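Engineer: This is the structure I have questions about; it appears just below.
Here it is in structure tokens:
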């Protein structure tokens with residue numbers, strides 16, 4: 018099973034990827050990052066998207082929804098940001114974060130590939 022470094026490289030191999038991270042949403046800390054740019058600070062993105070995940074979990078709890086988050090998609094003018102909480106095998110409290118360039122990405126394939134990477138990830 019791939020470790021975090023291999024999984025980050027696989028995430029960056031997804032068409033249109035500009036940044037990838039594995040994030041602990043209890044602390045907001047990125048456990049691993051790859052890519053990014055002067056316009057995309059992955060440490061800041063990890064901390065900020067932690068609040069997105071926590072807010073969605075609180076809302077689901079308030080609504081009494083007994084379900085799990087598959088992924089959260091944020092569509093920006095030039096990018097897609099995909100947040101995928103890790104299910105099973107010690108991944109509780111972690112999520113995969115992938116930033117994509119909209120002009121180069123196929124969102125459906127990116128989500129499919131991210132799911133496959135999550136399934137293989139060994140943390």
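Numbering (our numbering), first residue to last: 18 to 140. Each residue gets a CB set at the ideal place from its N, CA and C atoms; glycine is no exception. These figures come from a predicted structure and were not determined experimentally.
Note down, in chain order, each residue of its chain lying with its Cβ closer than 7 Å to the Cβ of residue 119, except the 5 sequence neighbours on either side.
Structural biologist: As a first step, residue 119 must be located in the chain shown, where it is residue number 102. Closer than 7 Å at Cβ, skipping near neighbours: 95, 96, 97.
Engineer: Just curious, the beta strand (DSSP E) that residue 101 is in, first and last residue?
Structural biologist: For the purposes of this step, residue 101 is identified with residue 84 of the chain shown, where counting begins at 1. First-last of the beta strand (DSSP E) with residue 101: 96-102.
Engineer: Does DSSP put residue 138 in a helix, in a strand, or in coil?
Structural biologist: Position 121 of the chain shown, counting from 1, holds the residue named residue 138. Residue 138: coil per DSSP, three-state reduction.
Engineer: Given this structure, state the Cα-to-Cα distance separating residue 23 from residue 132, to the nearest angstrom.
Structural biologist: For the purposes of this step, residue 23 is taken as residue 6 along the chain shown, with counting starting at 1. For the purposes of this step, residue 132 is taken as residue 115 along the chain shown, with counting starting at 1. Answer to the nearest angstrom: the Cα atoms are 15 Å apart.
Engineer: Where residue 140 and residue 93 are concerned, what is the direct C-alpha to C-alpha distance, given to the nearest angstrom?
Structural biologist: The sequence position of residue 140 within the chain shown is 123, counting from 1. The sequence position of residue 93 within the chain shown is 76, counting from 1. Answer to the nearest angstrom: the Cα atoms are 30 Å apart.
Engineer: Relative to the alpha-carbon of residue 90, which residue among 81, 101, 84, 71 has its alpha-carbon at the smallest distance?
Structural biologist: Reading the chain shown from its first residue, position 73 is the one you call residue 90. Checked all of 81, 101, 84, 71; the closest Cα to residue 90 is 101.
Engineer: Out of curiosity, what's the CA-to-CA distance linking residue 53 and residue 60?
Structural biologist: Locating residue 53 in the chain shown gives position 36, counting from the first residue. Locating residue 60 in the chain shown gives position 43, counting from the first residue. C-alpha separation (whole angstroms): 9 Å.
Engineer: Could you spell out the range, first to last residue, of the beta strand (DSSP E) harbouring residue 41?
Structural biologist: Walking along the chain shown from the start, residue 41 turns up at place 24. Note, residue 41: beta strand (DSSP E), 34-41.
Engineer: In the structure shown, what three-state DSSP assignment does residue 23 receive?
Structural biologist: Residue mapping note: residue 23 aligns to position 6 of the chain shown, counting from 1. Note: residue 23 maps to helix in three-state DSSP.
Engineer: For residue 117, count neighbouring C-beta atoms within 10 Å of its own C-beta (all shown protein chains included) and say buried if the count is 16 or more, exposed if not.
Structural biologist: Here residue 117 corresponds to residue number 100 of the chain shown, with the count starting at 1. Under this definition residue 117 is a buried residue.
Engineer: What residues match up with residue 49 in a beta bridge as DSSP calls it?
Structural biologist: Mapped onto the chain shown, residue 49 falls at position 32. Partner(s): 39.
Engineer: Nearest to residue 63 by CA position, among 123, 20, 30, 40, is which residue?
Structural biologist: As a working mapping, residue 63 is identified with position 46 in the chain shown. Here the closest residue by C-alpha is 40.
Engineer: Nearest CA to the CA of residue 50: which residue from 125, 65, 38, 86?
Structural biologist: Your numbering for residue 50 matches position 33 in the chain shown. Just measuring C-alpha positions, the residue of 125, 65, 38, 86 sitting nearest residue 50 is 38.
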